[in-house]
Structures are given as structure tokens and as C-alpha cells.
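Asker: FYI, the numbering for the sequence shown is 1 to 229, going by UniProt numbering.
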Amino acid sequence: MSRIIVIHFAALLLLFLFGLGTLAMKGDRIEMLDGSHKRLSAKANTPNPNLDNLSVHGKKVENLLTKHDKSTVVHDRVFESWWNHADAENNRNREHSTMNMHAEEIESHEKKKKSIIGRVRSKIPILSKKDEQKGIALHQKFNHAKQKKDKYRQVMREVASDAAIHHKAGNFVDHDVRYVTQMNFDNSSELGYRSDGRHVTTAPNSPPGSPKLTRSGSGSSRKTVGTST
């Protein structure tokens with residue numbers, strides 16, 4: 001038990017160092033189960049990189065576990081899977097917030113173009129060209145952030161799929177799946193994400209004009225529970 005406490009302390013310290021730990025953990029956060037006796041399979045403490053249908057992330061976790069003491073494999077598999085999911089969630093939210101920022105900039109740019117000054121500028125070739133280039137640059141930034149957000153969202157889906165595979169194989173119990181796939185940050189819900197990973201507002205998509213803004217969210221405080229992808 002003391003070793004597990006040390007591992008959790010070290011994990012929290014790493015969260016602070018990487019920027020995740022600056023977020024306030026909520027009291028209702030799901031905690032990890034301890035003890036291999038709670039697992040369904042006698043093979044749960046044996047790493048298996050060849051487990052069918054594991055994602056690249058899942059295989060990396062299993063390969064990493066081959067270097068761990070066998071007595072900690074069960075615990076470490078759950079923790080490493082949770083870490084991958086939480087890290088991807090944090091990065092997804094950061095890129096989503098960046099999308100919202102660029103969406104606001106695009107909306108402001110479009111409004112300026114329709115103003116009296118904007119209409120005057122549109123009749124001056126050099127200024128019109130400059131405004132057009134600015135609009136293109138803003139859309140490119142928006143779309144770049146969207147691509148990165150979608151990439152991290154896909155990581156979350158893959159980790160959730162891996163958790164289901166481990167559950168079927170007897171490596172995870174129900175609680176482990178909930179722990180790994182829980183929504184960890186308050187700004188996930190502020191940005192419009194549900195605990196099952198769906199987005200409850202219309203996400204902006206490569207807008208031809210002014211993109212619709214999603215729910216805004218600043219900061220990244222911890223939240224909990226469910227499957228967030």
C-alpha cells in the first residue's frame with residue numbers, strides 16, 4: 001500500500017510539472033482500485049502487447065509494463081491508460097479553446113469588413129488584399145487547431161476502446177473502465193462535452209465566413225466520471 005501511495009504522489013507531482021496539476025481536483029473524482037485480487041483474470045498481471053485490437057497507445061502501455069515488476073502490472077496498466085486519456089483530454093480542451101479564440105477573431109474580422117471603414121478599405125486594392133490575407137490566415141489557424149483537437153479526441157476514443165478490450169479480457173473491472181475514461185477537467189463540460197464524449201453544441205467546422213462559437217471555457221479545473229472522448 002505504501003508503494004502505491006508513493007506512486008500516486010509521484011503522479012500528482014508530474015501533473016503539476018506538466019501543467020495538469022495546476023488544476024483543482026474535484027472531491028467526487030473516481031479513485032483507482034488497488035489489489036490484483038479485484039481483477040477477473042489470473043493473467044491480468046501479465047503484460048500482453050499482442051492482445052487483439054489494442055490501439056497503438058494500448059500496445060505501448062503493454063510494452064512499457066514488460067519492464068515493470070509483475071506485482072505492479074495490474075495497477076500500472078490502469079494508471080498508464082488513465083494518464084493517456086487525461087493528457088489527451090487536456091490537450092483536446094486546449095485546442096478547442098484555441099479554436100474558439102480564432103472563431104472570435106474571424107467573427108470580429110468579418111464585422112470590421114462590413115463596417116463603413118471596412119467598405120472603404122475594400123475599394124482600395126492594397127488594403128483589400130491585406131484584409132483578405134488576414135482572413136485567410138485566421139481560417140488557417142482555426143483549421144489547424146481543429147485538426148489537432150480532432151487528433152487528441154481520437155486518442156481518447158482509442159484509449160476508451162482499449163479499456164473495453166481489457167475489460168473483456170479480464171484485465172479491468174467495471175470500476176477500472178470508469179476510472180480510465182472519466183472526464184477529468186471542469187472545462188470539458190464548459191466547452192460543451194458530455195461525459196460520454198459527445199459534444200452538446202455545434203462544433204465549428206472550417207468556416208467559410210464567421211464560425212459559430214462553441215461553449216467557451218477558460219482555465220482547466222478537474223472534473224469527473226464517465227467516458228470522455
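Yeah, the Cβ is synthetic: ideal placement off N, Cα and C, and Gly gets one too. Since this is a predicted model, take the numbers as computed values, not measurements.
Alpha carbon to alpha carbon, how far is H109 from M25? Give it in angstroms, no decimals.
Answerer: Taking the sequence shown and counting its residues from 1, the one referred to as residue 25 is at position 25. Taking the sequence shown and counting its residues from 1, the one referred to as residue 109 is at position 109. Its pLDDT being 47, under 50, M25 is placed unreliably by the model, and the measurement read from it follows with that caveat. When rounded, the distance between both Cα atoms is 38 Å.
Asker: Here's a check: name, in chain order, each residue in its chain whose Cβ is nearer than 6 Å to the Cβ of H166, leaving out the five neighbours to either side.
Answerer: Taking the first residue of the sequence shown as position 1, residue 166 is located at position 166. Excluding residues within five positions, the ones whose Cβ falls inside 6 Å are F172.
Asker: Tell me the DSSP bridge mates of Y152?
Answerer: As a position in the sequence shown, residue 152 is number 152, starting the count at 1. Answer is none; Y152 lacks a bridge partner.
Asker: Hey, D196 and V78: beta-carbon distance below 8 Å or not?
Answerer: Here residue 196 refers to the residue found at position 196 when the sequence shown is read from its first residue. Here residue 78 refers to the residue found at position 78 when the sequence shown is read from its first residue. No. Outside cutoff.
Asker: What residue range does the alpha helix (DSSP H) around I124 cover?
Answerer: Taking the first residue of the sequence shown as 1, we reach residue 124 at position 124. Where I124 is concerned, there is no enclosing alpha helix (DSSP H), given that its DSSP letter is neither H nor E.
Asker: Note the first and the last residue of the continuous alpha helix (DSSP H) segment covering N48.
Answerer: To locate residue 48, count along the sequence shown from 1; it is residue 48. No alpha helix (DSSP H) holds N48; DSSP gives it neither H nor E.
Asker: So, is A44 buried or exposed, given that buried needs 16 or more other C-beta atoms within 10 angstroms?
Answerer: Taking the first residue of the sequence shown as position 1, residue 44 is located at position 44. Per the 10 Å Cβ criterion, buried.
Asker: According to DSSP, is T22 part of a helix, a strand, or is it coil?
Answerer: Within the sequence shown, residue 22 is the residue found at index 22, counting from 1. Model confidence at T22 stands at a pLDDT of 41, short of 50, so the residue's coordinates are unreliable and nothing is read from them.
Asker: Should V180 and H57 be called a contact, given that it needs their Cβ atoms to be closer than 8 Å?
Answerer: Counting from one through the sequence shown, the residue named residue 180 turns up at place 180. Counting from one through the sequence shown, the residue named residue 57 turns up at place 57. No, the Cβ-Cβ distance between V180 and H57 is not below 8 Å.
Asker: What does a CB cutoff of less than 7 Å around E95 pick up in its chain, not counting 5 residues either side in sequence?
Answerer: Within the sequence shown, the letter at position 95 stands for residue 95. Excluding positions up to five away in sequence, the list reads A145, K148, K149, Y152.
Asker: Determine, using beta carbons only, whether I117 and L138 come nearer to each other than 8 Å.
Answerer: The sequence position of residue 117 within the sequence shown is 117, counting from 1. The sequence position of residue 138 within the sequence shown is 138, counting from 1. Result no, Cβ atoms of I117 and L138 do not sit closer than 8 Å.
Asker: Apart from the five residues on each side of it in sequence, which residues of its chain come closer than 8 Å, Cβ to Cβ, to A88?
Answerer: By 1-based counting over the sequence shown, the position of residue 88 is 88. Here the set comprises Y152, R153, V155, M156, V159.
Asker: Within 10 angstroms of the Cβ of V74, are there 16 or more other Cβ atoms? Answer buried if so, exposed if not.
Answerer: On the sequence shown, position 74 is the one that residue 74 refers to. By the neighbour-count rule (16 or more Cβ atoms within 10 Å), V74 is buried.
Asker: Output the boundary residues of the alpha helix (DSSP H) element that contains H75.
Answerer: Against the sequence shown, residue 75 aligns to sequence position 75. 73-114 is the span of the alpha helix (DSSP H), which, as asked, contains H75.
Asker: Tell me which residues share the same chain as H102 and place their Cβ nearer than 7 Å to its Cβ, disregarding the 5 neighbours each side in the sequence.
Answerer: Taking the sequence shown and counting its residues from 1, the one referred to as residue 102 is at position 102. These residues qualify, in order along the chain: L138, K141, F142, A145.
Asker: How would you label A42, buried or exposed, when you count the other beta carbons within 10 angstroms and need 16 or more for buried?
Answerer: Reading the sequence shown from its first residue, position 42 is the one you call residue 42. A42 comes out exposed.
Asker: DSSP has H139 in a bridge; who is on the other side?
Answerer: Residue 139 sits at position 139 when you count from the first residue of the sequence shown. H139 is not bridged to any residue.
Asker: Return helix, strand or coil for H167, following the three-state DSSP convention.
Answerer: Along the sequence shown, read from residue 1 onward, the residue named residue 167 stands at position 167. H167: helix per DSSP, three-state reduction.
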